[in-house]
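Sequence positions in the sequence shown follow the numbering used here and run 705 to 1174. Glycine included, every Cβ here is placed at the ideal spot set by N, Cα and C. Treat the numbers as computed from the prediction; the structure is a model and nothing was measured.
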Amino acid sequence: MPGMDAKTAAAGPVGAVLIVSLSTFPGELRPCRYVYREEGQAEERGTYYYQQEPFPLRLRDRLGENGEILMLTTPETRTVREILREGSALRTSPMEYFMEAVRAVPGLEGVRFHAVEVEQDAPAGAIKAVVEHLRAQKSGGTVPKIFLGTNGGLRGIQLILEALLSLLSAEGIPVEPENVWSMRALGGDEWELCSGAEEFRVFDFVSGIREFVNYGRIDSLEAFLRSYPALDDEPARQLLEHLGEISEGIQFCSLRTFERGLDRLARYFAETPATANLYFAMFRDTIRDDFGVLLKPERRALDVLEWCCRKGFYQQAYTMAESELPREFVGMGLFSHDDASAAAVEQPGWEGDPSVQVFNACLPRFVWLVQKNPQLKNKPQLFLNNVGSGRATLVAEFSGSLAASFKELLRLHSGIKDTRNGLVHGFEGEERSTGDYKAAMREYLRRLRALFEKWDRSPGTRPLMNVYLQ
705 MPGMDAKTAA AGPVGAVLIV SLSTFPGELR PCRYVYREEG QAEERGTYYY QQEPFPLRLR
765 DRLGENGEIL MLTTPETRTV REILREGSAL RTSPMEYFME AVRAVPGLEG VRFHAVEVEQ
825 DAPAGAIKAV VEHLRAQKSG GTVPKIFLGT NGGLRGIQLI LEALLSLLSA EGIPVEPENV
885 WSMRALGGDE WELCSGAEEF RVFDFVSGIR EFVNYGRIDS LEAFLRSYPA LDDEPARQLL
945 EHLGEISEGI QFCSLRTFER GLDRLARYFA ETPATANLYF AMFRDTIRDD FGVLLKPERR
1005 ALDVLEWCCR KGFYQQAYTM AESELPREFV GMGLFSHDDA SAAAVEQPGW EGDPSVQVFN
1065 ACLPRFVWLV QKNPQLKNKP QLFLNNVGSG RATLVAEFSG SLAASFKELL RLHSGIKDTR
1125 NGLVHGFEGE ERSTGDYKAA MREYLRRLRA LFEKWDRSPG TRPLMNVYLQ
């Protein structure tokens, strides 16, 4: 059962916890030697028989007073069996042998033990038990210092420890890189006790990349560089700066900020050698492939919106569609107008593209007109009355084989605008699921993509919609 105590806990808070995964017995327990080297310190050597013994031996000064060893066990490591130790038969289990060996070390006689059994095909229960056990200690007012011994143990222990690291960090119980330990074979029966931090750096970094790729945030990547100052070089800082600008564009629904970050990221990939930072070099292709066409000069607002939907950023897609697609319609030549119509609908203080202002002013009048009079939907010319603050009458002419498709897109675009306002300010008297909003945006973008692919922008092609003052 997860969370069974292997020894009655002593009174008082726990100051340090060593987490180890217990190994099964080999054919015979033979003496092995370990060595620990630290710059400026005398070399430390010792003898041991069981694979996990060197970790508490090295940490006896930290574990001797209110310390605990948290053992990840399996039924095999709890099972009592006969084992030879230098020719003498013992009847014990790996867990019992380990505890007795630790207690025999001067200074570790009073160390506490806590055992959590891991079901190898379903380790989630054990991970939960470890987190809850350490959370309870933290709730007592003391955050214990966590140490990890990563050598040996059950199958898949690295993945389990990585999951623990991530969850403990979220609980405010971080594991410092210098507190991760491993063993390296030196030859024969000699092993070196060394830092195991490097293998977990990769995990931290991958977690940060996953957070950015899936959720558009760089918090974990920034924390990664803070945790490993030696990796905090100029190329890494530049890359994070560009990713941060993209992240801000996503969070604030600002296409200008988002595209500025994309442009800078594209230049970074073109100008920075792949080996400038080995960690970031590992995933530069992942980032580049994730953005795809967005890093190319020919990207459109439609590409950004489709990318947002793939990522699940639907609020951002709705906001950007309302603000940016009119500019795209104008830029692609789908919509045009004369100067008089722009002057007629001009709003005081408007600093944007006047074509966008004309489009936005005409859109609600067009939708209202064809909804009230469905027979006008197929007319090539419509009179739009009371447009803008000047209450002007504008004429909208539709031409070309794609005109009907564009009219339907105008209706859908108006719905996108209304939905965006409802998502931000709250709908009244309407019950729709978020799935409905997602489906509506995907359908709108599907039709828009189909129209864009059919549109001929060759010189002399008339716009699908042209507006002029009556």
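Given a cut-off of 8 Å, decide if Val-822 and Leu-776 are closer than it, judged by their beta-carbon atoms. yes
Straight-line CA distance for Lys-832 to Arg-741? 35 Å
To which residues does DSSP link Gly-1037 through a beta bridge? Per DSSP, none; premise fails for Gly-1037.
With DSSP as the reference, label Gln-862 as helix, strand or coil. helix
Kindly list the residues whose CB is nearer than 6 Å to the CB of His-1041, restricted to its own chain and excluding five residues on each side of it in sequence; keep chain order. Val-1062, Val-1171
Buried or exposed for Lys-849, going by 16 or more other Cβ atoms inside 10 Å? buried
What does the Cβ neighbour count give for Val-718, buried or exposed, with the cut at 16 atoms within 10 Å? buried
Do Pro-810 and Phe-1220 count as a contact pair if the criterion is CB distance below 8 Å? Residue 1220 lies beyond the range of the chain shown here (705 to 1174); nothing can be said about it.
Below 8 Å, how does it come out for the segment 1045–1054 and the segment 1084–1103: are there three or more Cβ pairs, yes or no? yes
Just the C-alpha distance for Ser-1162 and Ala-1108, rounded to the nearest angstrom, thanks. 20 Å
Drop a sphere of 10 angstroms on the beta-carbon of Gly-912, count the other beta-carbons inside from all chains shown, and report buried for 16 or more, exposed for fewer. buried
Where does the unbroken alpha helix (DSSP H) through Asn-1090 begin, and where does it stop? Per DSSP, Asn-1090 belongs to no alpha helix (DSSP H); it is in the beta strand (DSSP E), 1085–1091.
What are the uninterrupted segments assigned as beta strand (DSSP E) that are 3 or more residues long and contained completely in the segment 773–833, given in chain order? 785–789, 792–796, 816–821
Could you give the DSSP three-state label for Pro-1001: helix, strand or coil? coil
Have a look at Glu-949 and Leu-925 and give me their C-alpha separation to the nearest angstrom. 14 Å
Per DSSP, which residues does Asn-1170 bridge with? Please list them. Ser-1040, Glu-1101
contact_flag[the segment 958–965, the segment 904–923] where n(CB pairs < 8 Å) is 3 or more: no
Cutting at 8 Å between CB atoms, please list the residues of its own chain near Pro-735, excluding the five before and the five after it. Thr-751, Tyr-752, Tyr-753, Glu-790, Asp-893
For Thr-783, which residues of its own chain have a beta-carbon under 7 Å away from its beta-carbon, when the five flanking residues on both sides are left out? Ser-797
Would you grab the beta carbon distance between Arg-685 and Glu-786 for me? Rounded to a whole angstrom, and I think it's under 8 Å. There is simply no residue 685 to check, as the chain begins at 705 and stops at 1174 in what is shown.
Looking only at its chain, what residues have a beta carbon closer than 7 Å to the beta carbon of Val-997, apart from the 5 residues adjacent to it on each side? Arg-1003, Asp-1007
Let's see if you can read the secondary structure: which residues bound the alpha helix (DSSP H) around Ile-668? In the structure as shown, the chain begins at 705 and stops at 1174. Residue 668 is therefore absent and cannot be evaluated.
By Cβ distance below 8 Å, which residues in the same chain neighbour Pro-1068 in space, the five residues on each side in sequence not counted? Ser-1118
For Val-1071 and Lys-1083, I'd like the C-alpha separation in whole angstroms. 13 Å
What's the C-alpha gap between Phe-987 and Phe-973? 12 Å
For Thr-990, the first and last residue of its enclosing alpha helix (DSSP H): 982–995
With burial defined as no fewer than 16 other Cβ atoms inside 10 Å of the residue's Cβ, what is the status of Phe-956: buried or exposed? exposed
If you draw a straight line from the alpha carbon of Ile-723 to that of Tyr-738, how long is it in whole angstroms? 19 Å
When Leu-763, Tyr-983, Asn-981 are compared against Trp-885, the one with the closest alpha-carbon: Leu-763
Would you tell me roughly how many angstroms separate the C-alpha atoms of Met-1036 and Met-1024, rounded to the nearest one? 17 Å
Start and end residues, beta strand (DSSP E) containing Arg-888: 884–891
Starting from Ile-913, trace the alpha helix (DSSP H) in both directions and tell me its first and last residue. 901–919
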